[in-house]
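The opening position of the sequence shown corresponds to residue 4 in my numbering, with each subsequent residue numbered one higher.
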Amino acid sequence: MLIVELDGARWLNDVGFGASPLEPIELVDGARSDAALWPLVLRWEEITHGSPGWAVHQRGAGADEWQVRQVFTENPQYPVDFAVGNHFVASNDRSPFVIRPYVQRQCPDRYDTLDALTWTTERPGSAPKQEAVSPHEVPKLLADVFDIRTDADEADLLVRRLTELDRQQA
Numbered sequence: 004m005l006i007v008e009l010d011g012a013r014w015l016n017d018v019g020f021g022a023s024p025l026e027p028i029e030l031v032d033g034a035r036s037d038a039a040l041w042p043l044v045l046r047w048e049e050i051t052h053g054s055p056g057w058a059v060h061q062r063g064a065g066a067d068e069w070q071v072r073q074v075f076t077e078n079p080q081y082p083v084d085f086a087v088g089n090h091f092v093a094s095n096d097r098s099p100f101v102i103r104p105y106v107q108r109q110c111p112d113r114y115d116t117l118d119a120l121t122w123t124t125e126r127p128g129s130a131p132k133q134e135a136v137s138p139h140e141v142p143k144l145l146a147d148v149f150d151i152r153t154d155a156d157e158a159d160l161l162v163r164r165l166t167e168l169d170r171q172q173a
């Protein structure tokens with residue numbers, strides 16, 4: 004996340020992963036974005052016991068249902084803060100990104116995720132649809148749904164790793 008000042012206004016820019024806002028949101032309590040599949044509202048509130056901060060709320064399944072999507076403070080962050088987090092996510096055995104493939108894509112009408120062998124599709128106003136896929140289906144699913152192409156060697160390696168992972172979890 005990045006806070007940018009422009010012409011006297013402060014804007015939240017989140018170029019993160021997943022269903023991040025598709026446009027900057029002015030950093031004021033109650034600011035709203037309707038650019039994504041689910042509307043977002045920014046609130047200044049208690050985010051941990053006695054500590055205020057910003058919370059990004061996302062519209063839930065019902066018209067009046069909102070859920071906290073993420074929270075953050077304006078405490079300064081330094082390169083080491085990012086290096087440590089990135090190192091953990093990329094290399095620690097407990098990181099889900101090391102253990103299994105995790106892919107996300109936000110489209111105009113839906114949000115798809117592939118978490119190992121579970122493919123989930125979410126659409127506004129509907130319950131998420133989950134489907135178990137086989138390791139051999141994953142390369143085609145990556146191409147068709149996520150627009151990720153693999154060559155034959157990459158596809159073979161992916162299928163082998165997913166087959167091993169599936170056996171370990173059985």
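We treat Cβ as the ideally placed atom computed from N, Cα and C, and that holds for glycine.
Supposed close pair residue i, residue j - CB separation, criterion 8 Å
i: I6; j: E77; result: 7 Å
i: A119; j: L168; result: 6 Å
i: D112; j: R97; result: In fact, because the Cβ distance is near 34 Å, the residues do not count as touching under 8 Å.
i: L43; j: L30; result: So it is not a contact: roughly 13 Å between Cβ atoms.
i: E48; j: A58; result: 5 Å
i: A39; j: P24; result: 6 Å
i: V101; j: T116; result: Contact doesn't hold; Cβ gap of about 17 Å is too wide.
i: Q41; j: R62; result: Just to set this straight, residue 41 is Trp in the shown sequence, not Gln. Right, the Cβ-Cβ distance comes to about 5 Å (below 8 Å), so this counts as a contact.
i: P142; j: T153; result: 5 Å
Simplified DSSP state of residue i, which is helix, strand or coil
i: T166; result: helix
i: S94; result: helix
i: V31; result: coil
i: Q107; result: strand
i: Q80; result: coil
i: A158; result: helix
i: G128; result: coil
i: A173; result: coil
One or two residues paired with residue i in a DSSP bridge
i: S54; result: T51
i: A135; result: T121
i: S1; result: Outside the displayed span of the chain (4 to 173) sits residue 1, for which this structure offers no information.
i: R62; result: W69
i: V74; result: A58
Segment limits, beta strand (DSSP E) that includes residue i
i: D115; result: Y114 to D118
i: L9; result: L5 to L9
i: L15; result: A12 to N16
Boundaries (first-last residue) of the alpha helix (DSSP H) holding residue i
i: I102; result: P99 to I102
i: D147; result: V141 to F149
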